[in-house]
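Asks:
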Amino acid sequence: LRLNTLNRYRTEIILDNFVQHGSVLPLQDVNRREGALATLVKPFLNAEEEREFKTVFGASLKALQGQDRQRIGRLGEYLSFYEGEEYILVLSASRKMKSVRTLVFVNPEISARSTLLALLQAAYIKKRWRSLKSKGGLDSFDAMLETKAAYTLAKANFSKVTEGLRREGWVSKHVLWIPNSVLQFHKVSPDQGDGEESETLEDQANWKMRAKLTLTDLAKDPNCNSAVCEAPKIMEVSEDKM
Numbered sequence: 303l304r305l306n307t308l309n310r311y312r313t314e315i316i317l318d319n320f321v322q323h324g325s326v327l328p329l330q331d332v333n334r335r336e337g338a339l340a341t342l343v344k345p346f347l348n349a350e351e352e353r354e355f356k357t358v359f360g361a362s363l364k365a366l367q368g369q370d371r372q373r374i375g376r377l378g379e380y381l382s383f384y385e386g387e388e389y390i391l392v393l394s395a396s397r398k399m400k401s402v403r404t405l406v407f408v409n410p411e412i413s414a415r416s417t418l419l420a421l422l423q424a425a426y427i428k429k430r431w432r433s434l435k436s437k438g439g440l441d442s443f444d445a446m447l448e449t450k451a452a453y454t455l456a457k458a459n460f461s462k463v464t465e466g467l468r469r470e471g472w473v474s475k476h477v478l479w480i481p482n483s484v485l486q487f488h489k490v491s492p493d494q495g496d497g498e499e500s501e502t503l504e505d506q507a508n509w510k511m512r513a514k515l516t517l518t519d520l521a522k523d524p525n526c527n528s529a530v531c532e533a534p535k536i537m538e539v540s541e542d543k544m
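Set out below in structure tokens:
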């Protein structure tokens, strides 16, 4: 039996291999590797790796509290960078970069394409971090710069990933990796709703400068379209409070 759908483990195997070798693995190879991961020794084999580098797909606003919040900085700074995307990816690193969490904030209706793009970006970051760690060069790891560099690589090579998936017989219309939480993020003007409209490019530029980021955590909102929704829980955070 060969499984050709993309769940969490198959997706990680495929993308990790792609960033290392530039090719998409066939169904048989991935199924065999996934079978090895599913053995009883898996938790022990991956425990240290999970502690050092972890991707949180569907991060919650709670991740911005305490030290994480200080290390990440203002999430609003990332909004313009990811404009047009269905996710925002930021890094939360410990002191001296000994451990890293890739936090992927996702829209409730994130597409399979955007899911793959975000996870491909995370795979490039993991490759870079591991490379620097093996050379003792983590002091040069700049979270923001590495995030942007990985995004550029992911965008440049994304078509190769999708073509490889199709060629090898993978079904990529759905990615079976349910996010932990989902967020709605958008910019709103401080004076939005006053009935005035921007008429010139200068007015529009000024509006953009005054715009603030609003995030709504829908992790347990019954109205969201994610399988993680259970009970009402909505939290909004504006950029000036982050």
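Those letters in the sequence shown? Residues 303 to 544, per my numbering, in order.
For glycine and all other residues, C-beta sits at the position ideal for the given N, C-alpha and C.
The structure presented is a predicted model; accordingly, all values stated were derived computationally and were not measured.
#1: Taking C-alpha atoms, which residue in S442, V332 and N409 lies nearest to N309?
#2: Is it buried or exposed for Q423, if we count other Cβ within 10 angstroms and need 16 for buried?
#3: State buried or exposed for K364, treating a residue as buried only when at least 16 other CB atoms are found within 10 Å of its CB.
#4: I'd like the list of long-range same chain contacts for W479, defined as Cβ closer than 7 Å, with 5 residues on each side in sequence excluded.
#5: Among A420, L329, R415 and S396, which residue has its Cα nearest to the Cα of V406?
#6: Is the number of C-beta pairs between the region 407-415 and the region 443-456 that are closer than 8 Å three or more?
#7: If L329 and N306 are in contact, beta carbons under 8 Å, what's the gap, nearest whole angstrom?
#8: Over what stretch of residues does the alpha helix (DSSP H) that includes L440 continue unbroken?
#9: Taking the alpha helix (DSSP H) that N319 belongs to, which residues open and close that run?
#10: Of the choices N409, I315 and H323, whose alpha-carbon is the least far from that of G337?
#11: For R353, which option in T404, E465, K437 and Y426 has the closest C-alpha, if you only look at C-alpha atoms?
#12: Distance check for S396 and L440, CA to CA, integer angstroms please.
#13: With DSSP as the reference, label S396 as helix, strand or coil.
#14: Use the C-beta contact count for S436: other C-beta atoms within 10 angstroms, 16 or more gives buried, fewer gives exposed.
#15: Locate the alpha helix (DSSP H) running through R469, then write down its first and last residues.
#16: If you count every other CB in all the chains shown that lies within 10 Å of the CB of G466, and 16 or more means buried, which is it?
#17: Between G471, L381 and T454, which lies nearest to A425 when the distance is taken from Cα to Cα?
#18: Report the three-state DSSP secondary structure of Y426 (helix, strand or coil).
#19: Check R403 in the structure and name its three-state DSSP category.
#20: Given this structure, state the Cα-to-Cα distance separating V321 from A456, to the nearest angstrom.
#21: Looking at C-alpha atoms only, which residue of E388, T357 and L391 is the closest neighbour of S401?
#22: Roughly how many whole angstroms lie between the Cα atoms of V473 and T464?
Replies: This is what the structure gives:
#1: V332
#2: buried
#3: exposed
#4: N309, R310, T313, F359 and T417
#5: A420
#6: no
#7: 6 Å
#8: According to the DSSP assignment, L440 belongs to no alpha helix (DSSP H), since it is labelled neither H nor E.
#9: R310 to H323
#10: I315
#11: T404
#12: 11 Å
#13: coil
#14: exposed
#15: Segment A445 to R469, the alpha helix (DSSP H) holding R469.
#16: Classification of G466: buried, given that the 10 Å Cβ count is 16 or more.
#17: Relative to the Cα of A425, the nearest Cα in the group G471, L381 and T454 belongs to T454.
#18: helix
#19: strand
#20: Taking the straight line from one Cα to the other gives about 9 Å.
#21: T357
#22: 10 Å
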